[in-house]
Each structure stands twice: as C-alpha cells, then as structure tokens.
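With positions in the sequence shown counted from 1, the corresponding number in my numbering is that position plus 1.
These notes concern the structure reproduced below.
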Amino acid sequence: MSHAHEADAHGIHEAPPEHQHHFETPTQQFESGKLGMWVFLATEILLFGGLFCAYAVYRSLHPEVFVYASLFLDRVLGGINTVVLICSSLTMALGVRAAQLGQRKLLLWMLALTIVGGFGFMGIKYAEYKHKWESGLLWGTNYVSQKDGHAFTHGAEHGGSGHGDAAPSSHDAAPPATTPA
Numbered sequence: 002m003s004h005a006h007e008a009d010a011h012g013i014h015e016a017p018p019e020h021q022h023h024f025e026t027p028t029q030q031f032e033s034g035k036l037g038m039w040v041f042l043a044t045e046i047l048l049f050g051g052l053f054c055a056y057a058v059y060r061s062l063h064p065e066v067f068v069y070a071s072l073f074l075d076r077v078l079g080g081i082n083t084v085v086l087i088c089s090s091l092t093m094a095l096g097v098r099a100a101q102l103g104q105r106k107l108l109l110w111m112l113a114l115t116i117v118g119g120f121g122f123m124g125i126k127y128a129e130y131k132h133k134w135e136s137g138l139l140w141g142t143n144y145v146s147q148k149d150g151h152a153f154t155h156g157a158e159h160g161g162s163g164h165g166d167a168a169p170s171s172h173d174a175a176p177p178a179t180t181p182a
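Shown next, in the form of structure tokens:
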C-alpha cells in the first residue's frame, strides 16, 4: 500500500511515502525486491532445467519419434515467431530503460510495440495450430494404445505384433522406420 497513513486492527499505522509499511527503510524494500527476483530466476532455472533434461532423456530413448514429429513443423512460421519474440523482448527491455530514465513518450512507444509483438506471436501460433487442428493432429487423438509407454516403438522387438503401434492416421507423413507397417 502506498498510502502515508493506513488503518490497521490497532489504530493508525504510519508509513513514510518512500517505502511500504512492512519495510523499515527504502534500502530494505529494495533488497527484498532484489532477493525476490533472484528466487524467481532460480525457480525458472529449475523448471526449464527439468524440461530440458526430460527432453534429452526422451529424445535419446525415442529418436525416431522426434524425427517423425519434425515432419509436421513449419520452419518458416517458427523462424518468424522466433524473430517476433526476440524483437518484442528487446522493445520491452528498451521500455524498462525508458521508464528508468523518465522518457514517457519512448516508454509508451516501446510498450505499444511489445503489445503488437504479442499479438503477432498469437497470430502466428493461430496459423500454425489451425492447420494441425484441421488435420486432426491433436494431443491424445488418433493414437492407438501405447502399452508399456513406448510410443512408436513398441511391437518392433516382437516383429510387429500389432499392439502398441502408434502413428497419427490423419497425415501423409510416413511413420518412423521402427513402426511395423
């Protein structure tokens, strides 16, 4: 709360306008914010570290699935989306710097460009996923049972037993080499 006077359960709590009521000094408030940002960054590292480890494990265990799935990616739209994300990150960082320097007009322009970049990102995602939706390439659809949790590979060790073979049925791409035809 940024009010100079605030009512609490025991009466009036006085807080100087330069910091929030639960901090004793502006320096303590600043340091707490800095610590909070480091904690946030650490949790992001843990989250994305776990995601990249899971990706590495699954990619090494089932490389043919990743090769097959890459046939459905649109590299042009993916490349454009990468550029849009990098540019909108830049405009946001420039907006933060403009705010620090008190350059209101530049700040508003950078925020507007960041918002345009966000809508551009969503538009490109719509174009990418619209085709996948129309083709029936959705999570959990058009797949047969994946007994033992081995997508695309189960059955290969049995000489093509006919169970656990998984391949999207709604696209013209050839299934992985280890999937019995």
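Using N, Cα and C, we set each Cβ at its ideal position, and we do this for glycine too.
Taking buried to mean at least 16 other C-beta atoms within 10 Å of its own C-beta, is residue i buried or exposed?
i    : result
V97  : exposed
M111 : buried
V66  : buried
G118 : buried
S90  : exposed
T83  : exposed
T28  : exposed
T44  : exposed
E19  : exposed
T26  : exposed
Hey, would you say residue i sits closer than 9 Å to residue j, going by beta carbons?
i    : j    : result
V68  : I125 : no
E129 : L78  : yes
A94  : L108 : no
S33  : F41  : no
L139 : K133 : yes
Give the DSSP-derived three-state secondary structure of residue i in the structure shown.
i    : result
F24  : coil
H63  : coil
E32  : helix
W140 : coil
F53  : helix
L42  : helix
L72  : coil
E135 : helix
E19  : coil
Can you list the alpha helix (DSSP H) stretches of 4 or more residues lying completely in the stretch 86-110, in chain order? none
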